[in-house]
Structure formats: C-alpha cells, structure tokens
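Novice: Take a look at the following structure, please.
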Amino acid sequence: MNKHPLITQPVTFDAVLEPGLICGDGLQSVRVLHPDGELAAWTWHHFDAANTDSVLTATVSIHPLGDPVGLTSVIDRIQWQPALQVIDLIPEVTGTAKLVARFRALVDQIRHPGMQQFLQDVFALRPLFYNYWNTTIEIDGKACSLAEKAITNAELVQWGVGLSSFQRAVGMTFALLRNAGQAWPREQWSDGEHALHLLRQIDGSMSHFAQGYPEDADVLRELMEHEYRLSLSPLALSTLEHVNHLADMSWLDAHWAGLDGQETSGTGNLVSLDAFRRRRASSSS
Numbered sequence: 000m001n002k003h004p005l006i007t008q009p010v011t012f013d014a015v016l017e018p019g020l021i022c023g024d025g026l027q028s029v030r031v032l033h034p035d036g037e038l039a040a041w042t043w044h045h046f047d048a049a050n051t052d053s054v055l056t057a058t059v060s061i062h063p064l065g066d067p068v069g070l071t072s073v074i075d076r077i078q079w080q081p082a083l084q085v086i087d088l089i090p091e092v093t094g095t096a097k098l099v100a101r102f103r104a105l106v107d108q109i110r111h112p113g114m115q116q117f118l119q120d121v122f123a124l125r126p127l128f129y130n131y132w133n134t135t136i137e138i139d140g141k142a143c144s145l146a147e148k149a150i151t152n153a154e155l156v157q158w159g160v161g162l163s164s165f166q167r168a169v170g171m172t173f174a175l176l177r178n179a180g181q182a183w184p185r186e187q188w189s190d191g192e193h194a195l196h197l198l199r200q201i202d203g204s205m206s207h208f209a210q211g212y213p214e215d216a217d218v219l220r221e222l223m224e225h226e227y228r229l230s231l232s233p234l235a236l237s238t239l240e241h242v243n244h245l246a247d248m249s250w251l252d253a254h255w256a257g258l259d260g261q262e263t264s265g266t267g268n269l270v271s272l273d274a275f276r277r278r279r280a281s282s283s284s
C-alpha cells in the first residue's frame, strides 16, 4: 500500500485530519488518514487541533491539482463528524496492517454495545490512535509489542471456555486496555503506574459508559484498578482469574516454543522432550 497515494480524480471519504503549517499563500497542510493509509493535502479551511486530546474526524472532499494530475491534493470541503467510528479509520499501513485488522475483528465480536462505543471513544485519544500499534513494552523481563500482546490475549478470551457473555465482553475489553497506558510518553507515568495514568486519561469515556451501563462500568473499572484494590467483587475476580490464566498459558506457549529450537544437553534434554510431547499431544487432539 502506498503511504502517500496520488489522487487522480475527485473523491469524498471519511478520515482523520491532522493540521499542519499555514503557508504564505494561505494554504494549510493537512495529514489525511483513512483505512487504506494516508495522504498529504492542502486546504483553505484552516483549523487547529491544539485544544483537543482526541483526533479530529470528518468527511472530506478532495480534488487533484497540479501537473502531472494528482501531484497535489486540495481539500474542497470539510464536514466535521465527531461521531464517526474512529476504529474504522485507523490506517492499515505496512507493519501494522494485520494487527489493526485483528483489532477491528475483536471489537466487532464484543457483544456489548456500550463497551464497543467505549473502545471507540478511548481509541480516539491521540496516543492510542497513533502509538498503540508500535509501542514496545516489557513483560517478565522480555520486550514485546503492546498491540500484539493485547490483541493475542483478547483473542484468547474471545475463545476461552467458562465465561459468560458479559465476562467475555469485559474480559476482551480489559485485555485490550490492560497495558495501553504505556502508549503515552514514558515521562508521563511512573514505574508500574501506567494503568492509573490510563484511567485518568479515559475518565471521561468511562463516565459516559457508566451513564448507560453503571454496573458494567463498575466491573471494568475494578479490573483496570485491580492492582491497587484490596478486594474485588466476585464477578470481577472471576473474570480477572480467567484473563490471567489465559495470558499465562499464552506466555508459557511462547516460552516453550522458544525452547523447542534450542540444542541442549543433560537436564536440558528433558525440556526439549517435554516440548516435543506437548506438540505431539496438541497435534493429535
């Protein structure tokens, strides 16, 4: 996919807009992001994003300009659409396309309209919209992708057994957001407190969610705050135990997979043999 495609004919589509500098001729540069990528454009309709924490969504009409045709793209019309589903607008660019597609599929499978909208609101925040996909975090001393870890764990919850429909929805939502506070710059949160930082950032979205689903929002908040609480409700505790168990199994699978290819001797051979037996049992089941 071309990150900056040329527009050869007039088009209208939904997008996220990021304003740039205003030139001497009055044109303002605009970064236009849409599901297929992004393009650079210009507009006479000046706007500023400095007073909002969320991305700006709009329906834009763009026409090509220049010689050859399409060398420059000019935005003729901007119709602001704050209610657009921002997750649908996250660009599937090289390196993150599969992650974004898996993420969208997960959100579609969360059978709770309140939580779906909550995630739409949360991922409109700039650090999550832009940084969630390429942030590296450390878990148990190992570096991993924030998005990959979160999405994999949410997929495990999606297909896990022993969960009610609500537990599955809130568990998937929690898994996607559990480490999302680390998408903000490191200097904005202290060691181990990224969860509290995230809760401060999404407090407005959480309050909006609670207006329609107060009890459900309470459970999600309990999960997000579980490391700082003395106790949890039975429903939140049961959900947390399921999510943690599935996450632990995912970590063990990755750990054993890493050991499978190692050439070892002595007691290390027992590890390789165990890994072999596990793979064999898995393939025969």
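The sequence shown begins at 0 in numbering that gives the first Met the number 0 and counts up by one.
In this text, a Cβ means the ideal position worked out from N, Cα and C, and glycines have one as well.
The structure displayed is predicted, hence computed values, not measured ones.
1. Taking the C-alpha atoms as reference points, what is the distance between Thr71 and Trp41?
2. If you measure between the beta carbons of Leu197 and Ala179, is that distance less than 8 Å?
3. Below 7 Å CB to CB, which residues in the same chain sit around Gln119 once its five sequence neighbours on both sides are set aside?
4. Taking the CB atoms as reference points, tell me whether Pro9 and Ile77 lie closer together than 8 Å.
5. Please go through the same chain and pick out, in chain order, the residues whose beta-carbon is closer than 6 Å to the beta-carbon of Ala182, but skip the five residues on each side of it.
6. By how many angstroms is the C-alpha of Pro81 removed from the C-alpha of Gln187?
7. Less than 8 Å between the C-beta atoms of Ala149 and Ala123, yes or no?
8. Would you mind working out which of Ala39, Glu221, Arg110 sits nearest Gln27, comparing C-alpha positions?
9. Ignoring anything shorter than 4 residues or poking outside the region 120–205, list the alpha helix (DSSP H) runs there in chain order.
10. Let's test the definition: count the other Cβ atoms within 10 Å of the Cβ of Asp215 and tell me whether it reaches 16, buried, or not, exposed.
11. By alpha-carbon positions, which one of Val99, Arg185, Pro213, Arg220 ends up nearest to Ile201?
12. For the alpha helix (DSSP H) that contains Pro90, what are its first and last residues?
13. Kindly identify the DSSP beta-bridge partner or partners of Pro18.
14. Take Leu327 as the anchor and find which of Leu32, Val15, Asn243, Val31 has the nearest alpha-carbon.
15. Answer yes or no: do Leu222 and Asn152 have a C-beta to C-beta separation smaller than 8 Å?
16. Does the region 15–29 come close enough to the region 43–52 that 3 or more CB-CB pairs lie under 8 Å?
17. Taking Ile74 and Val59 to be in contact with their CB atoms under 8 Å, please state how far apart those CB atoms are, rounded to whole angstroms.
18. Can you check whether the CB of Ala235 is closer than 8 Å to the CB of Val218?
19. Compute the Euclidean distance between the alpha carbons of Leu231 and Thr238, then round it to the nearest angstrom.
20. If distances are taken between C-alpha atoms only, which option among Ala57, Glu37, Ser144 comes closest to Arg44?
21. Would you kindly work out how many angstroms separate the C-alpha atoms of Asp285 and Val106, rounded to a whole number?
Specialist: In short, the structure shows the following:
1. If you number the sequence shown from 1, residue 71 lands on position 72. If you number the sequence shown from 1, residue 41 lands on position 42. Thr71 and Trp41: Cα-Cα distance of roughly 8 Å.
2. Within the sequence shown, the letter at position 198 stands for residue 197. Within the sequence shown, the letter at position 180 stands for residue 179. Contact: yes.
3. To locate residue 119, count along the sequence shown from 1; it is residue 120. So the list reads Gln84, Val85, Ile86, once near-sequence residues are dropped.
4. Counted from its first residue, the sequence shown places residue 9 at position 10. Counted from its first residue, the sequence shown places residue 77 at position 78. Their beta carbons are not under 8 Å apart, which means Pro9 does not touch Ile77 by this criterion.
5. For the purposes of this step, residue 182 is taken as the residue at position 183 of the sequence shown. So the list reads Pro126, Leu127, Asn130, Tyr131, Thr134, once near-sequence residues are dropped.
6. As a position in the sequence shown, residue 187 is number 188, starting the count at 1. As a position in the sequence shown, residue 81 is number 82, starting the count at 1. Roughly 27 Å separates the two Cα atoms.
7. Within the sequence shown, numbered from 1, the residue matching residue 149 stands at position 150. Within the sequence shown, numbered from 1, the residue matching residue 123 stands at position 124. For Ala149 and Ala123, no; Cβs fall outside 8 Å.
8. Working through the sequence shown from its first residue, we reach residue 27 at position 28. Ranking Ala39, Glu221, Arg110 by Cα distance to Gln27 puts Ala39 first.
9. 145–158, 164–176, 193–200
10. Against the sequence shown, residue 215 aligns to sequence position 216. When all chains shown are included, Asp215 counts as buried.
11. Taking the first residue of the sequence shown as 1, we reach residue 201 at position 202. For the residues Val99, Arg185, Pro213, Arg220, the minimum Cα distance to Ile201 belongs to Arg220.
12. Counting from one through the sequence shown, the residue named residue 90 turns up at place 91. First-last for Pro90: undefined, no H or E at that position.
13. Counting from 1 along the sequence shown, the entry for residue 18 is found at position 19. Val29.
14. As displayed, the chain neither begins before 0 nor continues past 284, which places residue 327 out of reach and without an answer.
15. For this step, residue 222 is matched to residue 223 along the sequence shown. For this step, residue 152 is matched to residue 153 along the sequence shown. Not in contact: Leu222 and Asn152 (Cβ atoms no closer than 8 Å).
16. yes
17. Counting from 1 along the sequence shown, the entry for residue 74 is found at position 75. Counting from 1 along the sequence shown, the entry for residue 59 is found at position 60. Going by Cβ atoms, the distance from Ile74 to Val59 rounds to 5 Å, so yes, they are a contact pair.
18. On the sequence shown, position 219 is the one that residue 218 refers to. On the sequence shown, position 236 is the one that residue 235 refers to. Their beta carbons are under 8 Å apart, which means Val218 touches Ala235 by this criterion.
19. Here residue 231 corresponds to residue number 232 of the sequence shown, with the count starting at 1. Here residue 238 corresponds to residue number 239 of the sequence shown, with the count starting at 1. Looking at the two C-alpha atoms, the distance is approximately 10 Å.
20. By one-based count along the sequence shown, residue 44 stands at place 45. Reading the sequence as shown, one finds His at residue 44 and not Arg. For His44, the nearest C-alpha among the options comes from Ala57.
21. Missing from the structure shown is residue 285; the chain here goes from 0 to 284 and no further.
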